[in-house]
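Take any residue in the sequence shown, count from 1 to its spot, add 8: that is its number in my numbering. Ideal placement from N, C-alpha and C gives every residue a C-beta, glycine not left out. Everything numeric in this text was worked out from a predicted model, so none of it was measured. Encoded as structure tokens, the structure appears first; notes follow it.
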Amino acid sequence: MSDDMKRPKISTLQAGLLIQQRFRNNTWTFTAQLIALAQGLGIHVDCSDWVIPDWEKGLRRRLAWALFMLDKWGALVHGRPSHIRLDEDWDVRPCCVEDFPENAADEEHDPEGSAEVVVGRELFLRQIELSLILSDVLSTFYTAKATRRGGTLDQIGTVGVAELAKPIVMMLREWYAKLPEALQLQETRLKKLSANGDHPSALPISSLSNTWNLETLTRPGSLHLAYISIDLALHRSLVRNISSSAPPKLRVAIRAGARARLAAASGIIANLQMEHIQSFWGFAASAQLAGIGSFTGLLWATSDDDAEAMYYADRVEEYLWSLRVRAQAAPFVREALRMLESDVSGLDAVRAAAEVKM
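Now the structure itself:
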């Protein structure tokens, strides 16, 4: 890598981005190296007026935003400060359809029929939008200055934190409401591996052996998991910043909202189908799944009474079981289970502590 840094190439950046998508290979240090390499290539600035072919302009934008997503999700997953600051050192035009060389006609010539070109392109564009919202969450609620004792969040109190969260919550809801139809409710056709996931009518994994060739209705699983992860990150900060002086109604509203977000999040893993498990899941998927369980643990640890504590202890147990029964078929679920069991120090400890509180 040190040699490549001296003479950076776009192909080196492409290879690095692919390597970082493997959760076992993903490291925060390597992300920093890739960002430095990309800056050497001018990936972080607008290339619209450059005298280069249009295909290279599109490639540069796609790589820039792939790197941006890697940085923001890496910051959340690894608990580190983001390397890219939107308001200072990022001047890249948003990606558009013209930046993608593939088109729907290419799909018909794919004998394996494994990738849906249009849906894949839309997923990438919507992931960029989500990453921009995540950037706001990180810069508002997860900086060193914001989270330290006596920092920004402590100074403004629970009411102030809730006010900061409101516009971001609205952005999330508006983003979700504007999802194109293909990403809200989509058919998974024969021999199509889907980057899609949950739907209340989805068949459980155990029943898929006799239904592999059936058309099923699905929602974009990886995209929705990312959406929920940002929502939980936002509510995690809200729950953590409930002070003893917080208005009782606001405290109840925050915890009720967190409980509702948890209920929505828990349904994703329960509705994964084989088409979804066999498709691409990025490096952050394991941490996103584990984050659902750790968020449950946070609600348990901050419970107001014994009954609420037991409720969340039961939810932790249910979620761990849901991960265990799917872990064998999905490596990223298996990794999420490992991370979560380490985070909560095992279910027995959680339940034992809850029973003591009783």
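Rounding to the nearest angstrom, what Cα-Cα distance links Cys103 and Gln163 in this structure?
Each residue's alpha carbon lies about 38 Å from the other.
Pull up the distance between the alpha-carbon of Leu138 and that of Ala321, whole angstroms please.
Computed Cα separation, rounded: 31 Å.
Would you report the Cα separation of Thr219 and Ile285, rounded to the nearest angstrom?
Note that Thr219 scores 29 on pLDDT, short of 50, meaning its location in the model is unreliable and no value can be drawn from it.
Helix, strand or coil for Asp314? Go by DSSP, reduced to three states.
It is helical.
Under 7 Å Cβ to Cβ from Ile238, same chain only, skipping five residues before and after it: list those, please.
Excluding residues within five positions, the ones whose Cβ falls inside 7 Å are Leu138, Ile141, Leu142, Val145 and Leu180.
At which residues does the alpha helix (DSSP H) containing Gly301 begin and terminate?
Its alpha helix (DSSP H) spans residues Ala293 to Ala309.
Can you grab the Cα-Cα spacing for the pair Val169 / Arg157, in whole Å?
Cα to Cα, Val169 sits roughly 15 Å from Arg157.
Among residues of its own chain, excluding the 5 on either side of Met347, which ones have a beta-carbon nearer than 7 Å to its beta-carbon?
Same-chain partners within the cutoff: Ser294, Ala295 and Ala298.
By a C-beta neighbour count over all protein chains shown, 10 Å radius and 16 as the cutoff for buried, is Ser230 buried or exposed?
Result: buried.
Mind checking who Val105 pairs with in its DSSP beta bridge?
Paired residue(s): none; Val105 is not in a bridge.
Can you tell me the Cα-Cα spacing of Thr309 and Ala264, whole angstroms?
Here residue 309 is Ala; the residue named in the question, Thr, does not match the sequence. Between Ala309 and Ala264, the C-alpha separation is close to 15 Å.
How many Å lie between Ser311 and Ala317 at the Cα?
So the alpha carbons of these two residues sit roughly 5 Å apart.
Excluding the 5 residues flanking Cys55 on each side, which residues of the same chain have their C-beta closer than 7 Å to its C-beta?
Excluding positions up to five away in sequence, the list reads Lys65 and Arg68.
Taking 7 Å as the threshold (C-beta atoms), are Thr37 and Leu78 in contact?
It is not a contact, given that the beta carbons lie outside the stated cut-off.
Give the DSSP bridge partners of Val53, in chain order.
Answer is Asp99.
Kindly indicate which three-state DSSP category Trp58 falls into: helix, strand or coil?
Of the three classes helix, strand and coil, the one that applies to Trp58 here is coil, per DSSP.
Reducing DSSP to helix, strand and coil, say where Ser150 ends up.
According to the sequence displayed, residue 150 carries Tyr and not Ser. In the structure shown, Tyr150 sits in coil (DSSP, three-state: anything other than H, G, I, E or B).
What residue does the alpha helix (DSSP H) around Gly22 start on, and which one ends it?
According to the sequence shown, residue 22 is Gln rather than Gly. First-last of the alpha helix (DSSP H) with Gln22: Ile18 to Gln28.
Taking the alpha-carbon positions, what's the His147 to Asp62 distance?
Reading the sequence as shown, one finds Ser at residue 147 and not His. In a straight line, the C-alpha of Ser147 is about 33 Å away from that of Asp62.
Return the CA-CA distance between Trp289 and Ser253, expressed in angstroms with no decimal places.
Taking the straight line joining both Cα atoms gives about 42 Å.
Leaving out the 5 sequence neighbours to the left and right, which residues in its chain are closer than 7 Å to Leu49 when beta-carbon positions are compared?
Closer than 7 Å at Cβ, skipping near neighbours: Pro16, Ile18 and Leu21.
Run the CB neighbour count on Arg93, radius 10 Å, all protein chains shown included, and call it buried at 16 or more, exposed below.
Classification of Arg93: exposed, given that the 10 Å Cβ count is below 16.
Buried or exposed: where does Ser122 fall if 16 or more other Cβ atoms within 10 Å of its Cβ makes it buried?
With a pLDDT of 42 at Ser122, under the threshold of 50, the predicted position of this residue should be treated as unreliable, and no value is reported.
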